[in-house]
Amino acid sequence: MNYGFNSEELAFRDEVREFLADYADLDGFYCQGHRWPEVRSMFSAMAQKNWLALTWPTEFGGLGKGPVHEYILWNEVAYARAARNPLAAGIVAKSIIRYGTAAQRATWLERIRTGDIHFSLCYSEPEAGSDLAGLRLKATLSDDGTCYELNGQKCWQSYAQDMDFLWVLARTGTQDSRGRGLSLFICDKAANGVRVAPLPTLDGDQLNEVFFDGVRVSVEQRIGDENGAWSIIGEALADERHIQFPPGRVRRDLEDLVAWLNDHDLGHDPMVRERMADLAARVLETEMLGRKVLATMVAGGNATVDAAMNKIIHTTVCQDIARAVLDLGGPEALVTGNRPELIWRQSLTETIGGGTSEIMRSVVSRQLLGLGG
Amino acid sequence: MTGSLDFATSEEQQAVAGAVARFCETHAVERAARDTEGDFPLELWRALAAMGIFAPAAPGYEDAGGALELQAICATLGEYAFPGPVAATYAALQVLTGVTREQVMAGDALVSLSGAGDTLLPYGTVAGVFLIAGDDGIHHAEPASAPAAVRTLGGEAWGRAALTASGVLKNSARGLVIGDIARSAYLTGIAARLVRETSEHAATRKQFGKTLGEFQAVSHPLADCAIAVAAANTLAHAAAAAFDARAADDLSPDPIAAARRLAAGAINSARRGALATAYACHQVYGGIGMTLEGPAFHLTRRIRQVASEAPARSREQSILLADAGLGN
Amino acid sequence: MDFDLNEDQQAVLESVERLLAQHAGPARAVALNRAGDYDHDLHAALEAAGFNQIARDLARDDTLAGLEAALTVEAIARSGGVVAAAAQMLVAPALCERTIEGPVAICTVGELTQPTPVRFAAHARSLLVLDDGDAYLVSPAPGTFEPVRTSFGYPMGRLSEGASVEPDREGQALGAGAADTLRNWWRLGLAVEAVGTMDAALGHTVEYLRQRRQFGRTIGSFQAVQHRLSLCAIEVEASRWLTREAAFHNAQPEAVAAAAAYALQAADTLFTETHQLSGAIGFTCEFDLHVWSMRLLALRQELGGVGAARRALVEARWGAA
Ligand SMILES: Cc1cc2nc3c(=O)[nH]c(=O)nc-3n(C[C@H](O)[C@H](O)[C@H](O)COP(=O)(O)OP(=O)(O)OC[C@H]3O[C@@H](n4cnc5c(N)ncnc54)[C@H](O)[C@@H]3O)c2cc1C
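Heads up: the protein sequence lines correspond to chains U, A and W, in order. Counting in numbering that gives the first Met the number 0, the first sequence runs from 0 upward without gaps. Counting in numbering that gives the first Met the number 0, the second sequence runs from 0 upward without gaps. Counting in numbering that gives the first Met the number 0, the third sequence runs from 0 upward without gaps.
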């Protein structure tokens with residue numbers, strides 16, 4: 000559908016599609032944990048086109064494009080089921096561009112831009128899930144002021160097993176300083192005292208725990224001010240709202256379900272048809288809400304509420320498509336690796352990761368409706 | 000970037016919406032909406048029509064604005080639960096010609112739009128023009144006898160009679176799309192109003208020493224309503240923008256294809272969202288929501304009534320399913 | 000009406016729970032599932048204690064054996080036991096008086112002609128086959144079914160390529176009316192298993208949410224969480240009593256269809272809500288929720304699932320359409 004894109008943007012979309020044609024079987028969106036070498040090499044190929052730095056300012060080696068191009072790129076990648084958008088070129092690089100020193104930009108940006116290094120997001124902890132501001136991992140400045148020592152534990156890190164560096168949110172203030180006492184660090188995964196342990200998950204993939212035991216990181220690896228991380232991570236999150244839940248993925252889920260119904264001749268049952276029509280309408284909803292988030296960002300507005308709404312609509316329709324897949328799939332849908340089974344599994348965690356549905360509802364009720372709760 | 004990516008309400012939309020809102024305030028429209036019980040406020044309807052609000056998107060009235068203006072108008076009429084065949088009138092103005100069309104535009108003739116085979120006719124006792132939304136398009140129709148009055152939940156002047164249909168009218172496809180956009184905007188408008196007012200109620204009424212809105216069991220369902228309304232509104236907006244962008248494109252074989260799928264999505268979304276909102280808000284209001292003079296009933300009964308209007312769900316379903324690639 | 004269990008029933012329940020505490024439990028289920036194995040030890044322990052034959056008097060109309068067997072199967076499901084308890088204890092005795100050698104699997108003829116994953120088939124010594132109007136008992140030779148990889152909590156098998164269990168229609172047919180009996184008891188078994196499984200999934204979740212603190216309070220104290228857990232509890236209890244009622248009436252078709260339609264629908268709600276409310280930990284293999292939650296989805300796939308149970312209810316109550 001062309002709605003809302005100009006010819007230059009549509010041309011870019013076609014270029015992206017052409018690029019992705021070579022990765023039609025990659026399946027990195029669903030199974031990155033099993034496909035990392037292939038996904039990594041696709042990111043490197045994207046870097047050849049400088050697409051990892053699509054929206055970075057040209058002075059930092061980027062293409063200087065706006066959020067529309069970024070949306071088109073990652074939406075197409077999601078539709079092709081090729082990969083989820085990488086953290087390094089997004090949150091990490093954008094934060095360094097905004098808050099890093101000249102030396103930090105020189106150290107990190109080029110390596111990220113070329114797809115040379117990849118990052119894992121180390122925010123959540125066993126005791127700090129929804130309540131991120133309660134995290135405990137401690138960063139203590141050495142007496143001579145040259146380095147910090149990290150001690151504590153993170154958990155639920157996606158893909159940490161394959162990444163090169165960790166983007167770590169740590170406590171530099173007192174425990175009761177909440178969001179005011181947090182700082183951000185880049186930590187080499189190979190540093191002494193870092194240990195990554197797998198947490199196998201139901202979707203056949205894994206999350207990870209990351210343990211920090213006396214890990215030393217130099218002050219040059221602190222991004223932004225000490226105790227200044229809360230606004231940095233907030234802005235970084237805001238930067239990514241339009242690409243965090245790209246509707247292309249849901250559209251593809253629906254198409255796969257339809258193909259499956261057509262193949263098995265199940266599309267005539269009136270109950271099935273009614274259910275499918277509602278799902279199709281809900282996919283349109285998330286496509287348009289996704290565009291709305293984008294439009295708000297293009298206009299320089301605050302997309303927090305739009306994005307929270309979109310997250311609920313996107314993730315619930317994605318799970319309801321998966322529910323239909325399973326309901327209509329019969330026992331065959333239970334076989335590991337079958338397409339229906341994969342669609343179902345990969346929808347499971349969406350209403351938790353990236354902020355739970357309950358937290359999203361609270362965002363809407365507080366910021367839009369002026370209610371508590 | 001083209002302007003159509005912009006989901007914000009434009010100045011034109013704000014202007015027409017503002018004018019309609021002022022009209023509704025000065026004419027105590029909500030009072031009329033509460034009071035309607037089988038009779039139709041014809042004078043009010045004529046006064047509304049005299050503002051020129053039915054001209055947007057109508058062929059030959061290009062200066063009056065397009066579907067986006069229509070969407071803003073219908074949403075505002077929804078906010079006030081304006082009684083009358085709003086969506087049917089917009090649909091009719093796409094297909095009618097000549098004197099009838101002028102009468103409808105002026106509010107002198109009311110439109111009854113029903114589904115194929117229906118004998119229950121919206122506004123049947125007061126309508127001057129009968130149309131049928133069939134699978135193949137919009138038909139002109141004549142009642143076999145004067146429709147007998149029927150009482151309905153929404154208090155509207157419906158009637159019962161058998162109709163005899165003639166052939167499909169030109170521009171039917173556009174008429175159905177515009178009808179969907181108008182109806183979804185109207186439903187979204189009522190639902191938005193309901194969420195807003197219920198939230199205000201929840202923010203002020205105290206129980207157990209705190210406001211209702213501090214209880215998640217209240218605030219989360221209201222958040223879900225707000226999300227459903229936003230989704231429907233965004234789709235209605237997208238459908239209207241697509242209609243405006245493509246309606247002029249007579250060269251393409253099916254210029255309104257993009258608008259049709261979005262409008263089908265919008266009406267599905269609006270109906271679902273508005274009905275869910277009606278239930279959730281009644282739950283939050285508790286007892287006071289059950290009273291006829293209370294804050295909710297005149298809104299929710301119109302949601303229920305408008306959500307049941309023709310065309311039936313089967314039409315929207317076949318558009319959505321064809322678009323999704325699921326054969327018959 | 001009396002909802003209390005009588006002394007015999009109470010005793011059955013307590014003794015099977017004692018046995019299960021020793022021989023079953025989530026850790027065991029995880030290990031067996033990883034290997035795709037059947038719990039032969041648990042099966043043997045149940046056999047030795049007489050539970051596999053708990054309902055051998057089922058054919059007699061005046062017995063409460065159906066309810067006792069249902070209580071046992073419910074308890075086994077609650078413990079995450081990897082045995083074909085419903086087929087063995089509820090379905091087999093309803094079909095024939097002689098003891099059927101376990102493990103017992105059940106499938107439809109369609110699942111053989113169009114080889115489809117069947118619970119416990121790769122380990123079954125006996126296979127009950129439902130045809131439209133007939134039911135058969137066959138003894139598949141080892142290797143007839145090959146194991147299927149699945150993470151839905153039960154070992155499953157699919158008819159191997161080239162293999163066949165074409166029932167010998169003369170010798171193995173179970174007689175007139177057997178198809179209806181099989182269908183009803185199979186459906187009842189699904190409902191009973193769903194009840195035990197939901198019960199455990201909910202219990203595990205509630206226990207966790209009582210401990211888990213965020214924002215300075217336990218998660219279970221947030222209304223958004225609390226109210227949804229109450230709704231889950233209501234669905235589990237309603238499923239339980241509908242199901243026990245159906246077992247008490249020896250799988251009377253209308254009662255069975257109502258119980259299964261309700262319980263299998265509740266199973267979907269329970270899956271969704273227990274996972275949503277557990278947060279990320281709920282998706283990890285180390286958190287036991289999956290032992291039960293994944294099974295709920297597998298149970299919904301059998302015998303046409305909720306849709307077929309609803310149609311059966313309509314038919315039992317109002318006659319064929
Ligand atoms: C697939 C996946 C990938 C992830 N990847 C990463 C990663 O790469 N890096 C990283 O740092 N983290 C990651 N996470 C962690 C994620 O950020 C957390 O799961 C999330 O913040 C929720 O925390 P929790 O899981 O501890 O749930 P909890 O906070 O324990 O919540 C449990 C339940 O309680 C509800 N709840 C909590 N607070 C409230 C409240 N105030 N009101 C009402 N209900 C409430 C929640 O909504 C949820 O239903 C990932 C998670 C998943 C599922």
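For glycine and all other residues, C-beta sits at the position ideal for the given N, C-alpha and C. For clarity, every value in this text was computed on a predicted model and none was experimentally measured.
Taking a cut of 8 Å between CB atoms, which residues from the segment 189-213 of chain U lie near chain W? Leu198, Pro199, Thr200, Leu201, Asp202, Gly203 and Leu206
Would you mind working out which of Trp184(W), Leu31(W) and Glu73(W) sits nearest tyrosine 153(W), comparing C-alpha positions? Leu31(W)
With distance defined between alpha-carbon atoms, name the residue in Gly289(U), Glu234(U), Val76(U) and Ala10(U) nearest to phenylalanine 6(A). Gly289(U)
Buried/exposed call for glycine 318(W), threshold 16 Cβ in 10 Å: Exposed, because fewer than 16 other Cβ atoms sit within 10 Å of the Cβ of glycine 318(W).
Determine the direct distance from the alpha carbon of isoleucine 185(U) to that of glycine 286(A), and round the result to whole angstroms. 57 Å
Residue range of the beta strand (DSSP E) that includes alanine 140(A): 136-142
Could you name the residues of the same chain whose beta carbon sits closer than 6 Å to that of aspartate 238(U), not counting the 5 residues immediately before and after it, in chain order? If we look at aspartate 238(U) and ignore the five residues flanking it on each side, its Cβ neighbours are Lys93.
DSSP three-state label for arginine 39(U), please. In the structure shown, arginine 39(U) sits in a helix (DSSP, three-state: H, G or I).
When DSSP labels each residue in this structure, what does valine 90(W) get in the three-state scheme? helix
Contacting positions in the segment 192-219 of chain A - beta carbon closer than 8 Å to chain W: Phe214, Gln215, Ala216 and His219
Taking arginine 299(W) as the reference, which of Glu285(W), Cys284(W), Arg316(W) and Leu269(W) has the closest Cα? Leu269(W)
Per DSSP, cross-strand counterpart(s) of methionine 155(W): According to DSSP, methionine 155(W) bridges with Arg118(W) and Val147(W).
At least one CB of chain A closer than 8 Å to the CB of alanine 280(U): is that the case? Interface criterion met: the Cβ of alanine 280(U) is under 8 Å from a Cβ in chain A.
Distance check for alanine 241(A) and aspartate 248(A), CA to CA, integer angstroms please. In this predicted model, aspartate 248(A) has a pLDDT of only 49, less than 50, meaning its place in the structure is not dependable; the value taken from the coordinates is given anyway. So the two alpha carbons sit approximately 11 Å from each other.
Compute every distance between the C-beta of leucine 228(W) and the non-hydrogen atoms of ligand 1, then say whether any falls below 7 Å. no
In angstroms, rounded to a whole number, what distance separates the CA positions of histidine 219(A) and alanine 307(U)? Histidine 219(A) and alanine 307(U) have their alpha carbons spaced roughly 13 Å apart.
Where the segment 132-156 of chain W meets chain U: residues whose CB sits under 8 Å from a CB there: Val147, Arg148, Thr149, Ser150, Phe151 and Met155
For phenylalanine 11(U), which residues of its own chain have a beta-carbon under 7 Å away from its beta-carbon, when the five flanking residues on both sides are left out? His68 and Ile71
Got a sec: is the Cβ-Cβ distance from isoleucine 342(U) to anything in chain W below 8 Å? no
Would you say alanine 294(U) reaches chain A, if we count a Cβ-Cβ gap shorter than 8 Å as a contact? Chain A, which has a Cβ nearer than 8 Å to the Cβ of alanine 294(U), makes this yes.
Helix, strand or coil, according to DSSP, for tyrosine 122(U) in the structure here? coil
Is glutamine 264(W) near ligand 1, going by C-beta to nearest heavy atom under 7 Å? no
What is the rounded straight-line gap between the Cα of methionine 88(W) and the Cα of glutamine 52(W)? 6 Å
Quick check: is the beta carbon of threonine 25(A) nearer than 8 Å to any beta carbon in chain U? So no, threonine 25(A) is outside the interface.
Say the cut is 7 Å; is the CB of isoleucine 351(U) nearer than that to a heavy atom of ligand 1? yes
Nearest-angstrom Cα separation, counted from histidine 274(W) out to valine 224(W): Each residue's alpha carbon lies about 12 Å from the other.
With hydrogens ignored, establish whether the beta-carbon of serine 361(U) is closer than 7 Å to any heavy atom of ligand 1. yes
Where threonine 180(W) falls, given that 16 or more other Cβ within 10 Å makes a residue buried: buried
Looking only at DSSP bridge pairs, what is glutamate 6(W) linked to? Glutamate 6(W) pairs with nothing; no bridge assigned.
Where does the unbroken alpha helix (DSSP H) through glycine 174(A) begin, and where does it stop? For glycine 174(A), the enclosing alpha helix (DSSP H) starts and ends at 171-203.
Please check if any C-beta of chain U sits within less than 8 Å of the C-beta of alanine 174(A). It is glycine, not alanine, that sits at residue 174(A) in the sequence shown. No - not a single Cβ of chain U is within 8 Å of the one on glycine 174(A).
Are there three or more Cβ pairs, one per stretch, closer than 8 Å when the segment 313-333 of chain U is compared with the segment 267-283 of chain U? yes
Taking a cut of 7 Å between CB atoms, which residues from the segment 197-231 of chain W lie near chain A? Phe221, Gln222, Ala223 and His226
For leucine 165(U), which residues in chain W fall below 8 Å Cβ to Cβ? Below the 8 Å Cβ cutoff, chain W contributes no neighbours of leucine 165(U), its closest Cβ being approximately 18 Å away.
Grab me the residues of alanine 28(W)'s own chain with a C-beta within less than 7 Å of its C-beta, minus the 5 sequence neighbours each way, in chain order. Sequence-distant Cβ neighbours of alanine 28(W) in its own chain, meaning closer than 7 Å and more than five residues away, are Gly79, Val81 and Val290.
Using a beta-carbon distance below 8 Å, is methionine 0(U) in contact with chain A? Any reading at methionine 0(U) must be qualified, since the residue scores a pLDDT of 36, below 50, and its modelled position is unreliable; the value itself is stated next. Yes, methionine 0(U) counts as interfacial toward chain A.
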